[in-house]
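There are 2 protein chains.
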Amino acid sequence: MLDIVLLGSGGGMPMPNRHLSSLLIKYMGRKVLFDCGEGCQVAMRKVKSGFKTIDIICISHIHGDHIFGLPGLLSTIGNSERTAPITIIGPVGISNVIKGMLVSIAYLPYDIHIIEDPKSPIILNSTNDGLEVVESDDLFGKNIILNTLELDHSAPCLGYNLLIPRQPKFLPEKALEEGIPKELWSLLQKGESIQYNEKYYESDRFLGEERKGIKISFITDTRPLREIIDFIDVSDLFICEGTYGDNDDLDKAILNKHMTFKEAAELAKLGNVKELLLTHFSTAMDNPEEYLDGIEDIFNKSIIGYDGFSKSITYTN
Amino acid sequence: MLDIVLLGSGGGMPMPNRHLSSLLIKYMGRKVLFDCGEGCQVAMRKVKSGFKTIDIICISHIHGDHIFGLPGLLSTIGNSERTAPITIIGPVGISNVIKGMLVSIAYLPYDIHIIEDPKSPIILNSTNDGLEVVESDDLFGKNIILNTLELDHSAPCLGYNLLIPRQPKFLPEKALEEGIPKELWSLLQKGESIQYNEKYYESDRFLGEERKGIKISFITDTRPLREIIDFIDVSDLFICEGTYGDNDDLDKAILNKHMTFKEAAELAKLGNVKELLLTHFSTAMDNPEEYLDGIEDIFNKSIIGYDGFSKSITYTN
Chain A
123 MLDIVLLGSG GGMPMPNRHL SSLLIKYMGR KVLFDCGEGC QVAMRKVKSG
173 FKTIDIICIS HIHGDHIFGL PGLLSTIGNS ERTAPITIIG PVGISNVIKG
223 MLVSIAYLPY DIHIIEDPKS PIILNSTNDG LEVVESDDLF GKNIILNTLE
273 LDHSAPCLGY NLLIPRQPKF LPEKALEEGI PKELWSLLQK GESIQYNEKY
323 YESDRFLGEE RKGIKISFIT DTRPLREIID FIDVSDLFIC EGTYGDNDDL
373 DKAILNKHMT FKEAAELAKL GNVKELLLTH FSTAMDNPEE YLDGIEDIFN
423 KSIIGYDGFS KSITYTN
Chain B
123 MLDIVLLGSG GGMPMPNRHL SSLLIKYMGR KVLFDCGEGC QVAMRKVKSG
173 FKTIDIICIS HIHGDHIFGL PGLLSTIGNS ERTAPITIIG PVGISNVIKG
223 MLVSIAYLPY DIHIIEDPKS PIILNSTNDG LEVVESDDLF GKNIILNTLE
273 LDHSAPCLGY NLLIPRQPKF LPEKALEEGI PKELWSLLQK GESIQYNEKY
323 YESDRFLGEE RKGIKISFIT DTRPLREIID FIDVSDLFIC EGTYGDNDDL
373 DKAILNKHMT FKEAAELAKL GNVKELLLTH FSTAMDNPEE YLDGIEDIFN
423 KSIIGYDGFS KSITYTN
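Same order as they appear, the protein sequences are chains A and B. Read in order, the letters of the first sequence correspond to residues 123 to 439 in the numbering used here. Read in order, the letters of the second sequence correspond to residues 123 to 439 in the numbering used here.
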């Protein structure tokens with residue numbers, strides 16, 4: 123249903139052996155990118171990902187390791203014959219940053235829409251031109267819903283979750299009972315009420331119980347916050363910064379407004395997520411894998427991220 | 123005397139197997155960098171180069187593959203405890219570009235001096251703080267002289283040459299003749315005239331014939347120009363763009379304002395350079411080495427550049 127690729131797993135500075143932390147989500151042939159440090163476009167090439175279908179770029183915060191890949195990526199997307207606009211979402215200040223970056227780009231064949239510091243959910247619908255932001259209060263039947271959460275870092279920073287809502291099960295026996303022809307079932311299934319034979323049918327009557335969709339949460343960079351627990355609640359995948367593997371580095375984590383693996387694992391546990399994917403490792407940490415043992419008693423569905431890690435996520439049952 | 127490292131050899135876009143064209147010159151423990159595409163700082167790490175001693179950054183032109191690595195590199199230099207200012211030299215527009223880039227950098231612990239579109243030689247002297255730009259009309263005894271040449275590309279573009287002048291040989295027999303004590307010889311050697319025993323001595327009398335210094339030329343991106351021949355004259359190393367290896371791509375070279383290997387080799391021959399180092403290869407060219415045979419009859423001291431290629435250059439005889 124949905125594929126994720128961790129393009130990079132590093133924090134701070136790009137290194138020869140590790141790209142900067144960045145997540146690519148692929149859904150219905152389109153792409154949403156989370157963060158874009160220097161070298162992001164190279165990491166995309168390494169996983170054989172095309173550039174043309176990136177519709178949405180979500181930026182967590184305005185630190186180089188999360189944004190310096192943007193000018194290059196935007197230019198390379200421009201070389202991919204894309205003409206449809208791209209939406210960039212980010213914290214306070216993102217518009218000025220993009221404006222500054224555009225000084226050095228002579229021409230882009232597409233428009234950039236910027237959503238700065240959104241205060242309400244962003245609804246994305248899939249169209250022939252890709253994922254498009256739509257104005258709507260009705261979340262039913264929408265393809266993707268993006269939410270943001272203010273995090274606690276040394277710069278204004280947004281956490282993101284991405285929801286693919288799942289429609290309730292359609293109940294054909296009810297439609298047969300009412301004698302509604304099969305051609306109209308898909309409308310009811312999509313939550314649209316219909317008029318048939320001069321009678322009005324509310325879709326609710328033909329739909330079963332609510333079903334859990336897919337939820338991906340992306341939390342970086344931050345100290346742990348109580349609000350994160352609700353925000354990531356029952357995520358299928360919780361991508362979280364773990365700048366420090368060694369819990370003895372807690373003082374550094376507090377000072378630099380980051381997290382240790384243990385703190386991320388505790389959030390994962392309290393948030394009842396299905397899996398935790400750690401990323402954004404300090405450049406000083408050569409082998410983050412060696413700290414996995416130390417968190418498995420807290421949350422045993424933890425994955426130490428690595429460049430190119432990929433996973434398909436489907437609806438539960 | 124002087125070391126060069128070709129950090130990358132690609133043009134257009136950074137690729138998994140090739141960094142973008144960039145040249146690092148190391149001299150007296152300090153560094154001058156020519157061009158800085160995305161990933162330049164990673165290429166520097168690969169060749170184990172530190173960041174703190176980069177004093178001068180020369181930018182050829184404002185295209186992404188030559189500048190998008192600047193924000194990351196400047197930030198990483200900032201993390202290296204550098205406080206001495208850095209000078210960035212570039213074509214018309216470079217000040218605005220740097221200003222735009224600085225919007226996304228919260229803080230740098232050093233100043234940036236910008237020299238936009240210089241119309242006269244830039245003189246660098248080596249001090250305890252590194253290479254510093256000095257105002258001077260007298261080129262004698264100066265450590266480095268940088269010259270620029272306007273090239274012919276799709277954006278304002280500067281070629282560079284870097285000269286390490288060599289002082290004429292000191293003639294001790296002349297000093298002995300005049301009875302000048304040895305403590306004063308070094309002044310004469312440096313071209314300073316002296317007063318001794320109420321007599322005035324012009325340094326010229328104690329110096330032998332002119333000696334060739336070291337000359338490095340960096341020409342990218344451009345069509346071939348007659349002016350380039352004089353500009354690169356008798357270079358020890360002529361680093362030149364060769365975007366297209368196959369001479370059948372000449373039409374592309376003309377259209378995109380680049381050069382074929384053959385055109386670069388012809389410049390090298392006419393410029394009487396010692397060696398030609400080709401760089402800035404098109405992303406479509408996987409094996410530039412296969413086109414070496416085609417230019418050896420034009421200029422047989424041609425080197426196909428590759429990431430990490432390095433060379434020490436010393437005074438001739």
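For glycine and all other residues, C-beta sits at the position ideal for the given N, C-alpha and C.
Sixteen is the threshold: since fewer than 16 other Cβ atoms of the shown chains lie within 10 Å of the Cβ of residue 258 of chain B, the residue is exposed. Cβ contact annotation for residue 192 of chain A (same chain, cutoff 7 Å, sequence separation greater than five): 158 and 223, in chain order. Residue pairing from DSSP places residue 431 of chain A in a beta bridge opposite A:128. A residue is called buried when at least 16 other Cβ atoms come within 10 angstroms of its Cβ; residue 153 of chain B meets this threshold and is buried. Residue 198 of chain A belongs to the set of residues whose beta carbon lies under 9 Å from a beta carbon in chain B.
With contacts defined as CB atoms closer than 9 Å, residue 156 of chain A and residue 282 of chain A qualify as a contacting pair. Residue 177 of chain B is positioned such that its CB atom lies closer than 9 Å to that of residue 208 of chain B.
Using a Cβ-Cβ cut-off of 9 Å, residue 225 of chain B counts as an interface residue toward chain A, since at least one Cβ of chain A sits closer than that to its own.
Residue 152 of chain A: member of the beta strand (DSSP E) spanning 152-156, first to last residue.
Residue 275 of chain B and residue 131 of chain B have their C-alpha atoms spaced approximately 18 Å apart. If you draw a 10 Å sphere on the C-beta of residue 166 of chain B, you find 16 or more other C-beta atoms in it, and that means buried. Distance from the CA of residue 344 of chain B to the CA of residue 373 of chain A, rounded to the nearest whole angstrom, comes to 53 Å.
With respect to the 9 Å criterion, residue 397 of chain B and residue 358 of chain B are classified as neighbours on the basis of their beta carbons.
From the beta-carbon of residue 167 of chain A, the residues of chain B found nearer than 9 Å are 135, 136, 137 and 138. Between residue 128 of chain A and residue 431 of chain A, the gap from beta carbon to beta carbon is short of 9 Å. Around the beta carbon of residue 337 of chain B, 16 or more other beta carbons sit within 10 angstroms, so the residue counts as buried. Using a Cβ-Cβ cut-off of 9 Å, residue 218 of chain B counts as an interface residue toward chain A, since at least one Cβ of chain A sits closer than that to its own. With fewer than three CB-CB distances shorter than 8 Å, the segment 400-420 of chain A does not count as touching the segment 371-385 of chain B. For the C-beta of residue 184 of chain B, the chain A residues within less than 8 Å are, from N- to C-terminus, 226 and 228. Taking C-alpha positions only, residue 424 of chain B is separated from residue 435 of chain B by approximately 16 Å.
Residues of the same chain with a CB within less than 7 Å of the CB of residue 368 of chain B, apart from the 5 flanking positions on each side, are 413 in chain order. Taking CB atoms only, residue 247 of chain B has no neighbour in chain A less than 9 Å away. In the DSSP assignment, residue 217 of chain B falls within the unbroken alpha helix (DSSP H) covering 216-224. In the structure shown, the three-state DSSP call for residue 177 of chain A is strand. The segment 266-331 of chain B is shown to contain whole alpha helix (DSSP H) runs of 4 or more residues at 294-300 and 307-311, in chain order.
The residue among A:371, A:236, A:295 and A:346 with its C-alpha nearest the C-alpha of residue 363 of chain A is A:346. Residue 334 of chain A has its alpha-carbon roughly 36 Å from the corresponding atom of residue 232 of chain A. Of the other Cβ atoms in all chains shown, fewer than 16 fall within 10 Å of the Cβ of residue 251 of chain B; this residue is therefore exposed. Taken atom to atom, the span from the alpha-carbon of residue 355 of chain B to that of residue 147 of chain A is near 53 Å. The contact set of residue 222 of chain B on chain A, defined by CB atoms closer than 8 Å, consists of 221, 222, 223, 224, 225 and 226 in chain order. Cβ proximity to chain A below 8 Å picks out nothing from the segment 401-416 of chain B.
Taking a contact as a CB-CB distance under 8 Å, the pair residue 266 of chain B and residue 234 of chain B does not count as one, their CB atoms being some 19 Å apart. A Cβ-Cβ separation of about 5 Å places residue 427 of chain B in contact with residue 399 of chain B under the 8 Å criterion.
Its chain contains 182, 183, 213, 273, 343 and 344 as the residues whose beta carbon lies nearer than 7 Å to that of residue 279 of chain A, once the 5 sequence neighbours on both sides are disregarded; these appear in chain order.
For residue 414 of chain A, there is no enclosing beta strand (DSSP E), as DSSP marks it with neither H nor E.
Listed along the chain, the chain A residues whose CB falls inside 8 Å of the CB of residue 390 of chain B amount to none; the nearest CB is some 30 Å away.
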